[in-house]
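Trainee:
Chains as they are written, first to last, in our numbering: chain A, 448 to 713; chain B, 448 to 713.
1. Can you find a CB in chain B that lies within less than 8 Å of the CB of residue 622/A?
2. Which residue wins for smallest C-alpha separation from residue 541/B, given the options 553/B, 557/B, 696/B?
3. Does the beta-carbon of residue 552/B have 16 or more other beta-carbons within 10 angstroms, so that it is buried, or is it exposed?
4. Closer than 7 Å, Cβ to Cβ, to anything on chain A: give me those residues from the segment 695-708 of chain B, in chain order.
5. Opposite residue 571/A in the DSSP bridges: which residues?
6. Residue 477/B and residue 500/B: beta carbons closer than 8 Å?
7. Determine whether the Cβ of residue 483/B lies closer than 8 Å to any Cβ atom of chain A.
8. Give the DSSP bridge partners of residue 464/B, in chain order.
9. Give the straight-line distance between the Cα atoms of residue 506/B and residue 514/B, rounded to the nearest whole angstrom.
10. How many Å lie between residue 713/B and residue 700/A at the Cα?
11. What are the start and end residues of the alpha helix (DSSP H) that includes residue 477/A?
12. Just curious, the beta strand (DSSP E) that residue 596/B is in, first and last residue?
13. Measuring CA to CA, which of 676/A, 468/A, 705/A, 660/A is closest to residue 669/B?
14. At a Cβ cut of 7 Å, what residues of the segment 594-626 of chain B count as close to chain A, listed as they run along the chain?
15. Please identify the residue among 622/A, 587/A, 702/A, 603/A whose C-alpha is closest to the C-alpha of residue 638/A.
16. Helix, strand or coil for residue 616/A, going by three-state DSSP, please let me know.
17. Cβ closer than 7 Å: which chain A residues qualify as neighbours of residue 524/B?
18. Just to confirm the assignment, what range does the beta strand (DSSP E) spanning residue 631/B have?
19. Going along chain B in order, which residues have a C-beta closer than 8 Å to the C-beta of residue 639/A?
20. I'd like to confirm the pairing. Which residues does DSSP put opposite residue 545/A in its beta bridges?
21. Distance check for residue 600/B and residue 684/A, CA to CA, integer angstroms please.
22. In angstroms with no decimal places, state the Cα-to-Cα distance between residue 493/A and residue 611/A.
23. Using 8 Å as the limit for Cβ to Cβ distance, is residue 461/B near chain A?
24. Classify residue 465/B as buried or exposed, calling it buried when 16 or more other Cβ atoms lie within 10 Å of its own Cβ.
25. Residue 584/B: buried (16+ other C-beta within 10 angstroms of its C-beta) or exposed?
26. Checking 8 Å against the spacing of the C-beta atoms, do residue 627/A and residue 664/B come in under that value?
27. Using the DSSP secondary-structure output, state which residues sit across from residue 641/A in a beta bridge.
28. Checking 8 Å against the spacing of the C-beta atoms, do residue 686/A and residue 496/A come in under that value?
29. For residue 635/B and residue 692/B, which I take to be in contact (beta-carbon distance under 8 Å), what is that distance rounded to the nearest angstrom?
30. Reducing DSSP to helix, strand and coil, say where residue 533/A ends up.
31. For a quick check, are the C-beta atoms of residue 625/B and residue 658/A less than 8 Å apart?
32. For chain A, check one thing: does any of its Cβ atoms lie closer than 8 Å to the Cβ of residue 537/B?
33. Between residue 561/A and residue 524/A, what straight-line distance do the alpha-carbon atoms span, to the nearest angstrom?
34. Quick check: the Cα distance between residue 462/B and residue 511/B, rounded to an integer number of angstroms?
35. Specify the secondary structure class of residue 624/A as computed by DSSP and reduced to three states.
36. Going along chain C, which residues have a C-beta under 9 Å from residue 663/B?
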């Protein structure tokens with residue numbers, strides 16, 4: 448019970464934004480810039496740290512920029528573009544990035560991204576993308592879990608420590624207004640902490656059905672600390688959650704997706 | 448841009464679980480026990496703190512315990528109970544607590560609670576409820592936003608400072624496995640930070656459509672730090688998020704709910 452807890456078991460979790468990161472360009476190394484920025488701030492990465500990185504900088508570093516003028520929209524993209532009052536070139540990109548569009552209305556286009564994540568506009572973003580103009584949009588990394596593994600391996604090589612890496616993007620929810628940071632790529636982090644049948648409640652009974660979405664909770668808080676727009680910074684270090692860090696990279700953020708046939712809304 | 452940030456703008460956010468809280472019984476004061484536990488730990492509440500409290504202890508303090516044997520199930524409860532392979536008494540309570548049951552299957556009962564929140568079993572919980580046995584279940588507070596306001600007023604009276612109060616419960620999501628802490632009651636906290644048309648991106652353009660679900664992000668991280676089951680503690684203090692604290696109590700967590708006619712799944 449609570450009164451018998453050791454102090455260290457109740458130690459807190461801290462989220463610290465990483466200041467002073469550069470604007471990312473295709474070919475730049477997220478890991479290298481992270482280590483340099485943490486170093487400039489007088490800190491250093493430790494085992495047990497979780498590096499949370501905004502999807503935007505990973506996508507930019509991976510060169511996932513597309514000029515809308517270079518896209519040739521198909522008939523389907525033109526049709527949905529008209530129905531939803533959107534640029535057909537944008538629709539073509541959304542179609543290319545998705546396996547399925549569960550909802551297409553003027554209010555929202557909800558896509559099942561090829562990775563399985565369900566979100567607005569297949570994660571394609573037109574803000575904070577490029578100083579070159581509004582014509583450039585940014586796609587998600589092709590495989591965000593693979594991106595997280597790559598960043599983790601590079602961080603390990605650069606620093607000798609083995610932090611977890613989480614790539615976060617802001618997503619909407621079915622019944623609630625507003626977006627929360629959500630895990631789209633993970634390496635070295637317990638994505639789901641499955642306590643079904645193992646955990647006990649305070650009275651010694653087996654917990655009914657508790658699977659904790661650890662990675663999404665960490666992404667939510669880190670995204671809040673990182674901020675949006677010109678007051679934001681695209682990375683943060685989470686400390687005090689080392690109980691969920693794993694030596695192996697693990698199954699990644701995609702393991703938190705409901706299989707399509709268990710989707711509650713089909 | 449990031450390089451021009453003041454250090455204090457990038458200060459981190461910390462979540463500290465509150466150890467050593469008692470088992471709550473009907474009539475106990477959540478505010479009083481929180482202040483006492485923080486005091487025993489050698490700390491004190493400050494302006495700018497957000498007190499996150501698990502729904503369970505608020506419900507227990509408000510006496511929201513029901514013995515299933517005391518419930519007389521209606522024909523409707525019996526019918527849905529049979530369809531979903533659940534106790535008809537439990538179904539009766541779910542019906543009583545809800546305005547609508549969007550989904551009733553053996554896998555899950557998804558309810559629109561009378562407050563408007565959409566969640567499994569209308570938030571009714573059978574674990575960690577009472578040492579008296581498995582027959583006792585716990586309902587949500589009748590009006591969690593009102594509960595948060597009451598706790599806040601009492602904290603202010605006891606301590607002289609004016610922290611925000613957030614009541615959190617773990618909820619499932621439409622397309623993702625696992626639960627995350629979610630705000631069900633708030634007082635003195637910006638629930639939605641609406642940056643549409645006001646925020647600028649790094650290149651000086653107006654952000655497209657960003658409404659940040661601040662309260663839910665704070666609830667997610669705090670719930671993770673608090674933990675579940677017998678290793679958990681039902682309260683945490685969040686520091687460093689004071690930019691979202693408001694002197695007035697504000698519209699509460701219910702303001703983050705999509706109106707039923709904007710529900711993307713009807």
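Idealized CB from N, CA, C, for every residue including glycine.
Mentor: In brief:
1. Yes - at least one Cβ of chain B is within 8 Å of the one on residue 622/A.
2. Considering only 553/B, 557/B, 696/B, the residue with the shortest C-alpha distance to residue 541/B is 557/B.
3. Label assigned to residue 552/B: exposed.
4. From the segment 695-708 of chain B, only 703, 704, 705 have a Cβ closer than 7 Å to chain A.
5. Under DSSP, no beta-bridge partner is assigned to residue 571/A.
6. The Cβ-Cβ distance between residue 477/B and residue 500/B falls below 8 Å.
7. For residue 483/B, the closest Cβ of chain A is not nearer than 8 Å.
8. Under DSSP, residue 464/B takes part in a beta bridge, and its partners are 683/B.
9. Their Cα atoms are separated by approximately 14 Å.
10. In this predicted model, residue 713/B has a pLDDT of only 46, less than 50, meaning its place in the structure is not dependable; the value taken from the coordinates is given anyway. So the two alpha carbons sit approximately 28 Å from each other.
11. From DSSP, the alpha helix (DSSP H) with residue 477/A extends over 477-487.
12. Run containing residue 596/B: none in the beta strand (DSSP E); it sits in the alpha helix (DSSP H), 591-606.
13. That would be 660/A, whose Cα lies nearest to the Cα of residue 669/B.
14. Flagged, chain order: 620, 621, 622, 623, 624, 625, 626.
15. Among 622/A, 587/A, 702/A, 603/A, the Cα nearest to that of residue 638/A belongs to 702/A.
16. The answer is strand: DSSP assigns residue 616/A an E or B state.
17. Ordered by position in chain A, no residue passes the 7 Å Cβ test against residue 524/B, which lies about 20 Å from the chain.
18. Annotation for residue 631/B: the continuous beta strand (DSSP E) segment containing it runs 627-634.
19. Residues of chain B whose Cβ lies closer than 8 Å to the Cβ of residue 639/A are, in chain order, 624, 625.
20. Per DSSP, the beta bridge partners of residue 545/A are 560/A.
21. One C-alpha to the other measures close to 34 Å.
22. Cα-Cα distance, rounded: 10 Å.
23. Taking Cβ atoms only, chain A reaches closer than 8 Å to residue 461/B, which makes this a yes.
24. That one is buried.
25. By the neighbour-count definition (other C-beta atoms within 10 Å, threshold 16), residue 584/B is a buried residue.
26. Going by C-beta atoms, residue 627/A is nearer than 8 Å to residue 664/B.
27. Looking at the DSSP assignment, residue 641/A forms a beta bridge with 658/A.
28. It is a contact, given that the beta carbons lie within the stated cut-off.
29. 6 Å between Cβ atoms; contact.
30. In this structure, DSSP gives residue 533/A a state outside helix and strand, which the three-state scheme calls coil.
31. A contact, by the Cβ cut-off of 8 Å.
32. By the rule that beta-carbons nearer than 8 Å mark a contact, residue 537/B does not touch chain A.
33. Between residue 561/A and residue 524/A, the C-alpha separation is close to 17 Å.
34. As the crow flies, the alpha-carbon of residue 462/B is around 28 Å from that of residue 511/B.
35. Residue 624/A falls in the coil class under three-state DSSP.
36. In summary, chain C is missing from the structure at hand, where the protein chains are A and B.
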